[in-house]
Structures are given as structure tokens and as C-alpha cells.
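Taken in sequence, the protein lines are chains A and B. Numbers in the numbering used here are just positions in the first sequence, counted from 1, shifted up by 728. Numbers in the numbering used here are just positions in the second sequence, counted from 1, shifted up by 570.
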Amino acid sequence: MLAIQDLHKTFGNVVALDGCTFGVERGRMLGFLGPNGAGKTTAMRSIFGLIHHEKGSVTWDDNEITINERRRFGYMPEERGLYPKMKAHDQLTYLGRLRGMSASDASKSADNWLERFDLADRRTDPVEALSHGNQQRVQLAAALIHDPELLVLDEPFSGLDPIAAETMGDILREQAAKGTAVVFSSHQLDVVEDLCEDVAIINRGSIVVEGTVKQLKDAAPIRHIELDIDGDPEPLLASLDGIRHTTVNGSMHTVIIDADTDMRGFLARAQNAGRLRHFTYTTPSLSDLFREAVQ
Amino acid sequence: MTATSIIWQVARREITERGRSKAYLITTVVTLLLVLGLVIVPSLLGGGTEEYTIGSIGEGNQPIVESAELLRNAGDEPEDEESVAISIVEFGNLEDAETALADGEVDAVLVDGSEVVVESVGGFGDSAVVSLLQRGAASVELEVIVSESGQAATDVIDVMTSDPLETTTLSGQEAGDESAGVLAYAGLMLLYIAILLYGTWILTGVTEEKSNRVVEVLLSSVKPWQLLAGKIAGIGILGIAQFTGTILVAIVALQLTGAFELPNIGVSSVVTLVVWFVLGFLLYAVMFGAAGSLVSRMEDAQNVAFPMSLTAVAGFFVSIAALNDPDGAAAVIGTFIPLTAPFVVPVRAALDAIPLWQYLLSIVMVLATIAGMTLVAGRIYAGALLRYGGRTKLREAWRSAAE
């Protein structure tokens, strides 16, 4: 498994990582969340030795990660980049060979991935001739070409249309299912909630929430209420203790409330207050958890 | 996977991608054409006969023209065309002759064997014809003096075209073998152009990888120094292929056209050039590589490499000085400054004017500098590659790699 322990890194006087600790196991998928500038990219780069952390450790199966381990990892950086004038197939083969594949294995794998992404007929096109979406696919193929043991993707869903995002999701799920450790960062919390069993939320350089999505939701000190009612809901809501946050969208009120608030009798009171159109009381969504964690 | 095999993968990509690129094919073809042109065109021009038409007024012009022809053609080999052919057109008066001169029908007008009229002075053609006629006239006067003292007038031409002094050189070159200088100069030009050209490829190649961000993917599985080493090896191999090819084509063309007799062009001259090309290229390539890593936009690449380009220009000028005075202070100092040595030493070697110990010491110094530079440049390269934004300062890059 990948274990990141107590990582510290500063750039000048900006603290990028401040005791960041998390792990990813083989066959699991970790959604790595955090607001902009929280340290996601820095943490991911540290796995590949692209930044030198001042303190802490990054290990794979309890071993210090060297270039030999890194060749068995796949990486899709936030800033996508390929050789624009190099043919798609040649490019993938080259990156495969840099990771130690034989010429024929690399070439075969490149063909398989291009096939998978419906790019088989574009294999000899220079990458710059491909559409933005297809370039993204080649970039993903570049991370997968050597069948990595650990897959690290920085914002893989950004800029993808819904269909492409679905393919991306399928591939990540597939990779995890066959035993790859997968970690990716994203701002699309619904995608993460949908895909990942595990999440870690980083804020100001350290992990503030970590665990399986289900555990986190169950253990969260908050609950999520949606209420839509004819008439004024304000006096009704005022009767509740521990409201943390309310958003109004039309007549729909979304309320984040302390988990230990006594809800008995609330539904009856609501029905008395007017015709009740919609009422849910659930564990919080990942977005709720995220907002709570980073505020 | 060993470091060597990774470096080879990187080098191979440079070779196949660049070798197939239009830019490489075009520079190869253009360079070869240029070299062929430089060799063949002068031999074509040199092979022809210069032709002049001289207007003549009055008496005494014929002997001057004849002497001028004889003097100029005295050195011709029997099987060659003669170097110069002068025809004479008679005019009745100066006005007609001057009109013909103005119209370009004649190149000069001789008047009574004592005056020459040309369109203007300062032009190459006019100066050439005047000096030709002056020499003819001088020898005519000499003939008169000689015949007055009772000698045969025909000896004058023989004496004037002979080289009575025997020439020997300290370096043991054959007399009349000026080819060494020509060779040194041609070699210097080739070296200078090649080192800067391929150095610039390194520079822009490094900046390009940074600007299109592919470098982050590469560095996730390759160490920075391996990437730089592979790039230098790949471009170096392409460079040597182009460079050696150019030299060989030039030599073959020289032999075929017989433009120069070049006994000195042997294996050793070619080896000297190639060895110093490799040394010079390596030295400049590591520096250009480090410079290229400091900037993330192609527009900034040339600026950041300016100090290196300037050093190469300085080396070039020291070499020109060495060409004229291969034992002089500038030449010797240039030999022991590693950044100028790749330009200066081959020139001195071609002129046979460098002691062996200086030659060897210079190679050792250059090699040591390459080794030192590789460490320094490699660290700057590693520290600067992932820093985007403006131009990374050397100090920042240095420190960033250390952290």
C-alpha cells in the first residue's frame, strides 16, 4: 500500500504540506479532496519525487519509494503534457519503454489502449492533431500503459464531458477491481461519492477527514434535511436546535443540522404547518462533509 | 532497468523524432549544398579565363598588353586554360574611346603607352585591370633598361615570374602548402556553427519539454540527469552524423574538382575535428541544457542562453587571432580556457602550431570542465524543471534541487 506519513513542505513562506498523512491500499480507490491550494498537487507530486519534502515519508509496501517503484506507478499530472508532434502510438510506446517495458509489450499495450478509447485509426496522428478530449484519453493511456500497481491522477475529471467522465469512472473502477491502488483528486464531489469507497480531505496542508464514505457519513456529527412545505417554514425551523447551515432554493430548504438534535415530533409539526411536499432526513452528502471539514 | 538503457531510450527518441523532422532533413540538405557550393563554385570560377578588352590610342600600347598577358599566364599549367586573355581595339580619337569605355565595350583605354583611362577607381574590376596593365608597363620599361645594358629583353618576364627564394618552415610544412590555413579556417567555421547549432537544439528541446509540460510525466519515471544525458546523447549523435557527413562530402568534392591540392586532409585532421566537435558540443550542451530548464517559454530560451552564445563568439574571435598568430599569447590563453579551447585548439593543430603537452592538457581541462559542468548543470536542471512562471533564478534552481 501507499503510505504518506507526516509530510511537511514549504515553498518560501507558504506552507504547502503540514503533517499530511494518508494511505491507499491495493484494490481500493481513494478520492483526494480539498479546496484550491490545500496541498493536493504537492502531496501527489511528492509520491513521484517531484518535490523534496522537508520532513516525513512516502512509502510503498513499507519501502522508501525509489525510481524503480515509480516505474510501476502511473501518473497523470494536473498540467497535462505530451509531445505535440509525436505520434500517439509512438508516444505511448516511448512512455511504456521508459517504465521498462519491452518494445513489443509497449507497442501492444499502446494499441490496446488506443483501441479501448476508439483511437485505433488515429494511432499515427501527432497528438496535436487530436481534439482536446482525445488528447486527454491519450494522457490517461500514458498513465496506464504499463499496467501500474499504483495510479495517481490529479484532477482526472476536469474538462471532461459527461460521457468521457463516465468512461474515466469505468476505467478507474476497473483498475481498482483488478488490484491497482487508485488515488485521484477532484472537485466534483458527486463523482467521488459515486466512485470511491475511501476519501481523504486535505485542508491547509493536513488531512482533516479520512475514512470510508459510509463510515464518515454515519459518524458525522451532522445530518442533512430537505424540506419543502406550503406556507412559511421559518417558525418550524426555528423550533429546531443545532442548525448549522441553511440554503434556500425556491421553496426547497436544505438544512445541515447537528446529528444529536431530537427530531421526534418534527414531522407532525411540519404537517400541521402546511401541506408537506418533500421531506428527507439523511446522513450528510460528501459535499456537506467537505464544507464542514474545510470551513 | 539500468540508467544506460533509460538514457538510450531518451536518446533514441531524439534521434528518431528529430532525424525524421523536416527541420533536420532541411538543415542537412542545405548544409551539404552550401559546402558543395563553397567547394565547387570557386573552382568553376577559378577555372575560367579572365577576358579584357583594352581600347588603344596611339603607339606603344601593344607591348604593354603582351607583357601583361605573359606575366599573368606564366604560372599556368600547360593543360589548363590560360588565366587571362586581353584583346585590343584601336580607336582614332580619345572621345570615341571614352564613349566605348562608358558603354562598357572596353574595360580600359591605353593612350600612347603612357596613360590608362578607366571608368572609376575603387571598383574591383577596374583596379584589377589597372594593376594588370601597370605590371605590363613596368616590365616593358624594365625590358628597355635591360636591353640598354646589353642583356636579352626576354629574360625579364622569366625573372619576374620566378620565385628565387627557397621557402622552408619551422613546422616542416611543404613550401607553397597554404592548404593548412584554409583547412584550419574551414574547420573552425564548421565547429563554430555546429556547436552553436546543436547546442541550440538542446536549449530549445529542454525548454520545449518544459513548456508543453510533458516533463512532469517524464520525471515521474526518469531522473533529471538521465533525461538531460539522453537528450545530449541523441542530439549529439545526430550532430556527429551531420557534421562528419558534411566534412566527408567536402573532402570528396575537393578531391573530385581538384580545387586545392590538400595533402593535409588525412584521417588525422578529420579525427581532430570530430574529437573537438564532441568535446565542444558536450561542454556547451550541458550549459545550454541547464539554461533551457530555467525558462518555460520558447521566447525566453534565446535570452537565457545569451551568455553562452557570447562566450562561443569570443572563442571564435580568439581563434581568428590564432589563425594569424598560432603561437601568440591570445592563442595560448585561448587553449587553456575550456570554453574557448574547442575553437582555438583545432586551429592551432591544423597549423601544426601547438605543442603536444598543450594539446593534451587542454583536452584534460575541457574534460574536467565537462564533468564539473555536468554536476552543476544537472542540479540546476533538476531544480528548475518543475518551476513554472517567469524565469527561474539560478540560485533558486540550485537550492530547490538541494531541498
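For glycine and all other residues, C-beta sits at the position ideal for the given N, C-alpha and C. Nothing here was measured: the structure is a model prediction, and the numbers come from that model.
Item to check | Cβ separation of His1006/A and Glu938/A, assumed to be a contact under 8 Å, to the nearest whole Å | outcome: That belief does not hold up - the Cβ atoms of His1006/A and Glu938/A are roughly 33 Å apart, past 8 Å.
Item to check | DSSP state of Arg951/A mapped onto helix, strand, coil | outcome: strand
Checklist entry - Buried or exposed: Glu797/A, going by 16 or more other Cβ atoms within 10 Å of its Cβ? => result buried
Checklist entry - Which residues in the same chain have their Cβ closer than 8 Å to the Cβ of Val605/B, if we skip the five residues on either side of it in sequence? => result Thr816, Val819, Ala820 and Ala823
Checklist entry - Taking contact to mean at least 3 C-beta pairs separated by less than 8 Å, is the stretch 760–772 of chain B in contact with the stretch 850–857 of chain B? => result yes
Checklist entry - Would a check of beta-carbon distances place Met571/B closer than 8 Å to chain A? => result yes
Checklist entry - Tell me, which residues are paired with His973/A by DSSP? => result Ile984/A
Next on the checklist: Using the Cβ count rule (16 or more neighbours within 10 Å means buried), how would you classify Leu735/B?
Outcome noted: exposed
Checklist entry - Listing by chain order, which chain A residues have their CB less than 9 Å from the CB of Ile802/B? => result Under the 9 Å cutoff, chain A gives no residues; its nearest Cβ is about 17 Å from Ile802/B.
Next on the checklist: Quick test of your reading: Ala893/A and Val919/A, contact by CB under 8 Å. State the CB separation rounded to the nearest angstrom.
Outcome noted: 7 Å
Item to check | Spatial distance of Asp682/B from Asp733/B (CA atoms) | outcome: 32 Å
Item to check | Nearest neighbour of Met896/A, chosen from Phe912/A, Lys906/A and Gly907/A [CA to CA] | outcome: Phe912/A
Checklist entry - Counting only beta-carbon atoms, is Pro805/A nearer than 8 Å to chain B? => result yes
Checklist entry - Can you tell me the Cα-Cα spacing of Asn931/A and Val743/A, whole angstroms? => result 11 Å
Checklist entry - Can you give, in chain order, each stretch of the alpha helix (DSSP H) that sits fully within the stretch 875–928 of chain A and has at least 4 residues? => result 890–905 and 917–923
Checklist entry - What residues in the stretch 756–777 of chain A have a beta carbon less than 7 Å from any beta carbon of chain B? => result Phe776
Item to check | Beta-carbon contacts of Gln916/A that lie in its chain and below 6 Å, excluding the five residues immediately before and after | outcome: Phe885
Next on the checklist: Looking at Val569/B: is its Cβ nearer than 8 Å to the Cβ of Asp677/B?
Outcome noted: Any property of residue 569/B remains undetermined from this structure, which presents chain B solely from 571 to 973.
Next on the checklist: Between Tyr1009/A and chain B, is any beta-carbon pair separated by less than 8 Å?
Outcome noted: no
Checklist entry - Where do the N-terminal and C-terminal ends of the beta strand (DSSP E) with His736/A fall, by residue? => result Leu730 to Phe739
Next on the checklist: How far does the alpha helix (DSSP H) with Val676/B in it extend, from its first residue to its last?
Outcome noted: Here Val676/B belongs to no alpha helix (DSSP H), and DSSP marks it neither H nor E.
Item to check | His1006/A, enclosing beta strand (DSSP E) - first and last residue | outcome: Leu1004 to Thr1010
Checklist entry - When DSSP labels each residue in this structure, what does Ala745/B get in the three-state scheme? => result For Ala745/B, the pLDDT reaches just 47, beneath the cut-off of 50, and the residue's location in the model is therefore unreliable, although a value from the coordinates is still provided. It is coil, neither helix nor strand.
Next on the checklist: Please report the distance separating the alpha-carbon of Ile775/A from that of Glu883/A.
Outcome noted: 16 Å
Next on the checklist: Per DSSP, what are the beta-bridge partners of Met757/A in this structure?
Outcome noted: Val910/A
Checklist entry - In chain A, which residues lie with their C-beta within 8 Å of the C-beta of Ile576/B? => result Leu826
Checklist entry - When you compare only the Cα positions, how much space is there between Glu753/A and Leu880/B? => result 55 Å
Checklist entry - Mind checking whether Arg997/A and Asp958/A have CB atoms under 8 Å apart? => result no
Checklist entry - CB-CB under 8 Å to Leu788/B, same chain, minus the five flanking residues each way: which ones, in chain order? => result Glu779 and Leu797
Checklist entry - Roughly how far, in whole angstroms, is the beta-carbon of Ser781/B from the beta-carbon of Met868/B, given that I think they are within contact range, below 8 Å? => result 6 Å
Item to check | C-alpha gap between Arg918/B and Val874/B, whole angstroms | outcome: 31 Å
Checklist entry - Quick one: is Glu786/B near chain A, going by C-beta distance under 8 Å? => result yes
Checklist entry - DSSP puts Tyr803/A in a beta bridge; with which residues? => result Val880/A
Item to check | CB contact check: Arg865/A to chain B, cutoff 8 Å | outcome: no
Next on the checklist: If I follow the unbroken alpha helix (DSSP H) through Val883/B, where does it start and stop?
Outcome noted: Phe876 to Asn894
Checklist entry - With Glu685/B and Thr623/B assumed to form a contact (beta carbons below 8 Å), what rounded beta-carbon distance in angstroms separates them? => result With 8 Å as the limit, Glu685/B and Thr623/B do not qualify as a contact, their Cβ atoms being about 18 Å apart.
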